[in-house]
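S.K.:
In our numbering, the protein residues as written are 2 to 761.
Right under this line is the structure:
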């Protein structure tokens, strides 16, 4: 059941309407949302109900229950909601909005969970959807109520406005603003004062990128829009044929019947809104489908193992990105066009069967359509060969660019362009073949049908059978079939291109589905923020990076990471890199792992940080393995700074490179902490030299960082993630002794549990 909007939304207690767009102020409004709020102890039920009502199909598991530890800070609450959503099989995306954009954000994020601050205990709203400017809010009894978005936005902003409202009222009183104008003046001052402030506390629920694609399409309502598009197309096409019939009958009967002409005009007028509906549905379908495909491909690219990325090279991945455009083109209407054209062909065959040549004319159209399909099959084979040649050239070009300096130093000048002419000649040959096929199916076949269709009327014409009306019907059928064949050729060529592209991008598409079982609910202390600087130091009696002094210390420390007989072998190598390794790392310990080059230290660090999965053995983090905890949750708890050649500075601001493992866009506290850690690591001089400071663009197209500066950037990036365990792999090798000592003090002070890998 759905309750209508109740009186009193946005009204003052005295019955007068509030001035301005936000309604009543916090000091004079009666909160109308109390009956719709969910208490904190039922937050898990709210998530489950919201996912169910939003069509996301959550897992049939017991709803998680938050504890007091999860509610004591915004970070802890956000971590719990993220974990609880993953446990239910959905994803909770945190949404941040400016003060003056909260209402617009609420209108586009449903289904969403909204945190209502300012009370004695945290309260929440479950927003299911929207209707115009109203939001459908879920009650605790699973019924819904329609609430104006302004009322919810006003409730969200109330605690923030309460901090500056007394000062604003004093300004208005001193200025002598009249009471009837005070509301608008107050609104203007609040917008001016609080406009740039970023507010969080909204989580939009959606299916994770790795969910079955059918569920993602259903949740985005793509099948419904496709059916609506096809229905609109069939209706418009049928009405168009009826227009021909009504107008044609009036003309062929040698007199103009006003009734038939009026009927034709009405039918033609009906086609116009149907065409507009088709255009709108086609655009919405294309945008939604393309967004889902790109999101899944990006998720799949991020889910690939490091070994997969290294073995294929950057050139092949660039080729896959290029080929993904063909998949997007299919989403832009190629598949729908083919289906619609098939319907038009059937309709044209029916019309031809009613013409002068009868069923033979319809059979001629069927034979022509079969010929078009055969030519499309040849186009598919030629397109596949052309794509293979193009991707091979792309891969070769990228690899040559990456290794350009090595080629200049090691390869003879005469062999720099060896094989390029042959590859280019082969590509041009494949291009000519593909162009011929495109001309055949895109131009010759639709236009050739006009000649063949008219030629099909010669037998009845020579025999003197048929009437003028039947010849007119046959000519109309020929024209309809020509248009249908044109759409069929374009649709089938798009399908062929998409099928070839799928062979390239299917690896990324399927990689997005990688993942383990649903993660368990968070323990009571999960989500706690990192300790302040200096709160956690080295264990008593420990020197430098040494671990505990005695076996008794090992027993009393709670284990964070445990490995039992781990083994791992790189693909294509006979000798394992890690063999039967067992270790136990307690909370707060500092571990130094030394060994010769090639001894498996970096491979072990990748196993501990979740970047690789072991071939054999058991690896536990807080008593849970990677399959149960999930790869993403594991990496949130174990932060790693890999070796220099496996770590990167992306083209972006220095702040982005620091906080990319934390959250983006950052909060003011994030930037302050990042700058503080940079100073502790000895990067203060670098920040002073850069004109933009933390906002300075770095990377290939920006400020160039030295080897040592990059190393400390990677260390800061790992520390800023606030993980339980920090793994640093050769991170101090490029630092001079003085800088090394400074950076080491920062790491020991900041990291809760530390594993450092270094050469002896």
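Even glycine gets a Cβ: it sits at the ideal position worked out from N, Cα and C. These figures come from a predicted structure and were not determined experimentally.
Can you give me the start and stop residues for the beta strand (DSSP E) that residue 586 sits inside?
M.R.: Note, residue 586: beta strand (DSSP E), 579-587.
S.K.: Going straight from the alpha carbon of residue 481 to that of residue 152, what length do you get?
M.R.: In a straight line, the C-alpha of residue 481 is about 55 Å away from that of residue 152.
S.K.: Is there contact between the stretch 208-219 and the stretch 77-93, where contact requires at least three CB pairs shorter than 8 Å?
M.R.: Yes, the stretch 208-219 touches the stretch 77-93.
S.K.: Would you call residue 583 buried or exposed, if buried means 16 or more other Cβ atoms sit within 10 Å of its Cβ?
M.R.: Classification of residue 583: exposed, given that the 10 Å Cβ count is below 16.
S.K.: Per DSSP, what kind of secondary structure is residue 313 in: helix, strand or coil?
M.R.: The answer is helix: DSSP assigns residue 313 an H, G or I state.
S.K.: Can the beta-carbon of residue 585 be found less than 8 Å from the beta-carbon of residue 560?
M.R.: Yes. Within cutoff.
S.K.: For residue 557 and residue 723, I'd like the C-alpha separation in whole angstroms.
M.R.: Below a pLDDT of 50, predicted positions are generally treated as unreliable, and residue 557, at 45, falls in that range; no measurement from the model is reported.
S.K.: Give me whichever residues DSSP pairs with residue 308 in a beta bridge.
M.R.: According to DSSP, which records beta bridges pairwise, residue 308 is partnered with nothing at all.
S.K.: With a threshold of 16 other CB atoms inside 10 Å of the CB of residue 751, please say whether the residue is buried or exposed.
M.R.: So residue 751 counts as buried.
S.K.: In the structure shown, what three-state DSSP assignment does residue 419 receive?
M.R.: Here residue 419 sits in coil by DSSP.
S.K.: When you measure from the CB of residue 281 to every non-hydrogen atom of the ligand MG, does any distance come out below 7 Å?
M.R.: In the structure shown, the ligand MG is absent, as is every other ligand, since no ligand is present at all.
S.K.: Could you check the C-alpha separation between residue 217 and residue 288 for me, to the nearest Å?
M.R.: Going by the C-alpha atoms only, they are around 14 Å apart.
S.K.: Could you give the distance in angstroms between the alpha-carbon of residue 756 and the alpha-carbon of residue 726?
M.R.: Looking at the two C-alpha atoms, the distance is approximately 8 Å.
S.K.: In the structure shown, what three-state DSSP assignment does residue 550 receive?
M.R.: Below a pLDDT of 50, predicted positions are generally treated as unreliable, and residue 550, at 36, falls in that range; no measurement from the model is reported.
S.K.: Can you confirm whether the stretch 499-508 touches the stretch 311-324 when touching is taken to mean that 3 or more C-beta pairs between the two stretches lie within less than 8 Å?
M.R.: The stretch 311-324 vs the stretch 499-508: in contact.
S.K.: What do you reckon, are the CB atoms on residue 489 and residue 721 nearer than 8 Å?
M.R.: Cβ distance not < 8 Å, so residue 489 and residue 721 don't count as in contact.
S.K.: Am I right that residue 97 and residue 199 are in contact with their C-beta atoms under 8 Å? What's the rounded C-beta distance?
M.R.: The Cβ separation is near 5 Å, so the contact holds.
S.K.: Excluding sequence positions up to five away, which residues of its chain have a Cβ less than 8 Å from the Cβ of residue 654?
M.R.: The residues are 693, 695, 696, 697, 698, 699.
S.K.: Quick one: what's got a C-beta closer than 8 Å to residue 761's C-beta in the same chain, skipping five residues either side?
M.R.: The answer, listed in chain order, is 595, 596, 597.
S.K.: So, helix, strand or coil for residue 597, using DSSP?
M.R.: Of the three classes helix, strand and coil, the one that applies to residue 597 here is coil, per DSSP.
S.K.: Would residue 510 and residue 298 be called neighbours here (beta carbons separated by less than 8 Å)?
M.R.: In this structure, residue 298 lies closer than 8 Å to residue 510 by Cβ.
S.K.: Where do the N-terminal and C-terminal ends of the alpha helix (DSSP H) with residue 628 fall, by residue?
M.R.: Per DSSP, residue 628 belongs to the alpha helix (DSSP H) from 627-630.
S.K.: Apart from the five residues on each side of it in sequence, which residues of its chain come closer than 8 Å, Cβ to Cβ, to residue 173?
M.R.: Result list for residue 173: 183, 186, 187, 190, in chain order.
S.K.: Between which two residues does the beta strand (DSSP E) harbouring residue 147 extend?
M.R.: Residues 145-149.
S.K.: Give me the Cβ distance between residue 729 and residue 758, rounded to the nearest whole Å; I'm assuming they're in contact under 8 Å.
M.R.: About 7 Å separates the two Cβ atoms, so the contact holds.
S.K.: Mind listing, in chain order, the continuous beta strand (DSSP E) runs of no fewer than 3 residues lying wholly within the stretch 226-284?
M.R.: Segments of the beta strand (DSSP E) lying fully in the stretch 226-284: there are none.
S.K.: So residue 719 is in the alpha helix (DSSP H); what residue range does that whole segment cover?
M.R.: Element bounds for residue 719: 708-720.
S.K.: Nearest-angstrom Cα distance between residue 367 and residue 244?
M.R.: Near 25 Å, if we compare the C-alpha coordinates of residue 244 and residue 367.
S.K.: Any idea if residue 57 is buried or exposed, counting beta-carbon neighbours within 10 angstroms, 16 or more meaning buried?
M.R.: Residue 57 is buried by the Cβ-count criterion.
S.K.: Determine, using beta carbons only, whether residue 282 and residue 336 come nearer to each other than 8 Å.
M.R.: No. Outside cutoff.
S.K.: Expressed to the nearest angstrom, what Euclidean distance is found between the alpha-carbon atoms of residue 644 and residue 171?
M.R.: So the alpha carbons of these two residues sit roughly 58 Å apart.
S.K.: Between the C-alpha atoms of residue 657 and residue 676, what's the straight-line distance to the nearest angstrom?
M.R.: Distance between the alpha carbons of residue 657 and residue 676 is about 12 Å.
S.K.: Quick check on the burial criterion: 16 or more other C-beta atoms within 10 angstroms. Buried or exposed for residue 702?
M.R.: Burial call: exposed.
S.K.: From the DSSP secondary-structure annotation, give me the bridge partner or partners of residue 565.
M.R.: According to DSSP, residue 565 bridges with 619.
S.K.: How far does the alpha helix (DSSP H) with residue 686 in it reach, from first residue to last?
M.R.: That run of the alpha helix (DSSP H) goes 685-690.
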